[in-house]
Amino acid sequence: MRPKVIMHTQISLDGCVRGFIDTGIYYVVANRFNADMVLFGSETIYTAAEQYPPETEKSFSKPLDKPGDNRLMWVVPDSRGRLRNLHVFRDSEYCKDFIVLVSRSTPQSYLEYLRERNYDYIVTGDDHVDYAKALEILYEKYNCSIIRTDSGGILTNVLLEQGLIDEISLVISPCLVGTGEPHAFRSLSLANSIALKMISFELLDDDHLSIIYKVLRNRD
Ligand SMILES: NC(=O)c1ccc[n+]([C@@H]2O[C@H](COP(=O)([O-])OP(=O)(O)OC[C@H]3O[C@@H](n4cnc5c(N)ncnc54)[C@H](OP(=O)(O)O)[C@@H]3O)[C@@H](O)[C@H]2O)c1
Numbered sequence: 149m150r151p152k153v154i155m156h157t158q159i160s161l162d163g164c165v166r167g168f169i170d171t172g173i174y175y176v177v178a179n180r181f182n183a184d185m186v187l188f189g190s191e192t193i194y195t196a197a198e199q200y201p202p203e204t205e206k207s208f209s210k211p212l213d214k215p216g217d218n219r220l221m222w223v224v225p226d227s228r229g230r231l232r233n234l235h236v237f238r239d240s241e242y243c244k245d246f247i248v249l250v251s252r253s254t255p256q257s258y259l260e261y262l263r264e265r266n267y268d269y270i271v272t273g274d275d276h277v278d279y280a281k282a283l284e285i286l287y288e289k290y291n292c293s294i295i296r297t298d299s300g301g302i303l304t305n306v307l308l309e310q311g312l313i314d315e316i317s318l319v320i321s322p323c324l325v326g327t328g329e330p331h332a333f334r335s336l337s338l339a340n341s342i343a344l345k346m347i348s349f350e351l352l353d354d355d356h357l358s359i360i361y362k363v364l365r366n367r368d
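Okay, here's the thing in structure tokens:
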């Protein structure tokens, strides 16, 4: 068994993942999913801010379990071991703690970095993370029944290719961005098209559109 996986992405009308004004509508829709965890791409976390404060003593401790704590666990695949900025988000307003997904090719020095700071990590896959296996572990060991994505497309495209996305939620922003920014489905490679069924659509703030599709199955 694995959690329900909801791809949630804000795009411009022409499909770009950046270049529009972020109105916070993305999170209005995201918060409705009642997800237990958020699955970020490592590039998304890597580029989340230009500068980060240095680590403190607190960066090395696992946050305490507090009753009624509704903050989500943030899950991030980082098979190359690039992320050294996790302390910025850990135990913050929206992030309870991290679970890092690594593979058998992740540098030992990075695993040591994670261990020294008491981050949970899951090792699956030889080169990149084996997401099917990692999701099973999140379900079985961490009781995760719903996980939503926060990715600029590379990660969600891999998950779609592997048949691991159950719903696609798009928030469409009222603008065209053009070729200067990446597109949400730019790396999606499919042998066969995937059939979708619309679950809902809704006008938000007069000019944004939320559309949610259920992923049916690969078409032959
Ligand atoms: N509009 C939106 O809703 C939205 C949401 C989030 C972010 N963003 C924007 O999107 C940008 C980043 O997006 P992105 O698409 O470049 O990166 P991303 O979504 O962060 O995806 C990168 C992730 O994909 C994994 N990956 C890459 N190739 C893989 C493969 N062949 N097999 C398995 N896993 C693979 C990487 O894992 P490894 O690290 O293990 O290689 C990494 O964790 C950010 O700058 C942000 O501005 C937009």
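In this note's numbering, the protein residues as written are 149 to 368. Positions of the beta carbon are idealized from the N, C-alpha and C atoms, including for glycine.
Distances between the C-beta of Glu-191 and the heavy atoms of ligand 1 include at least one below 7 Å. For the pair Leu-318 and Ser-293, the Cα-to-Cα distance works out to about 21 Å.
Of the other Cβ atoms in all chains shown, 16 or more fall within 10 Å of the Cβ of Asp-278; this residue is therefore buried. In the DSSP assignment, Arg-263 falls within the alpha helix (DSSP H) that extends over 256-264. Listed as beta-bridge partners of Thr-204 by DSSP are no residues whatsoever. Contact between Asn-291 and Phe-333 does not hold, since their C-beta atoms are separated by about 31 Å, which reaches or exceeds 8 Å. Judged by DSSP in its simplified three-state form, Leu-307 adopts helix. Nearest in C-alpha terms to Leu-312, of all of Gly-300, Leu-283 and Asp-298, is Leu-283.
Non-local beta-carbon contacts of Asn-182 in its own chain, meaning distances under 8 Å to residues more than five positions away in sequence, involve Ile-294 in chain order.
In the same chain as Lys-244, and ignoring 5 residues on each side of it, the C-beta atoms closer than 7 Å to its own belong to Pro-211, Asp-217, Arg-219, Leu-220 and Met-221, in chain order. Counting every other CB atom within 10 Å of its CB across the protein chains shown gives Ala-196 a total below 16, marking it as exposed. Under the DSSP definition of a beta bridge, His-356 partners with Leu-352.
In this structure Gly-172 is exposed. Its beta-carbon is surrounded by fewer than 16 other beta-carbon atoms within 10 angstroms.
Minimum Cα-Cα distance from Arg-365 among the listed residues Ser-321, Leu-344 and Val-248 corresponds to Leu-344. Out of Ser-160, Arg-180, Tyr-269 and Ile-347, the CA that lies nearest to the CA of Leu-324 is found in Ser-160.
For Thr-192, the enclosing alpha helix (DSSP H) starts and ends at 190-194. Residue pairing by DSSP places Leu-318 opposite Thr-157 and Ile-359 in a beta bridge. Val-236 sits in a helix when the DSSP states are folded into three classes. Boundaries of the alpha helix (DSSP H) around Ile-173: 173-178.
Just so you know, the alpha carbons of Thr-204 and Leu-338 end up roughly 45 Å apart. Ranked by Cα distance from Arg-166, the first of Gly-326, Ile-270 and Met-346 is Gly-326. Taken through DSSP and simplified to helix, strand or coil, Phe-246 comes out as strand.
Residue range 268-271 is occupied by the beta strand (DSSP E) that includes Ile-270.
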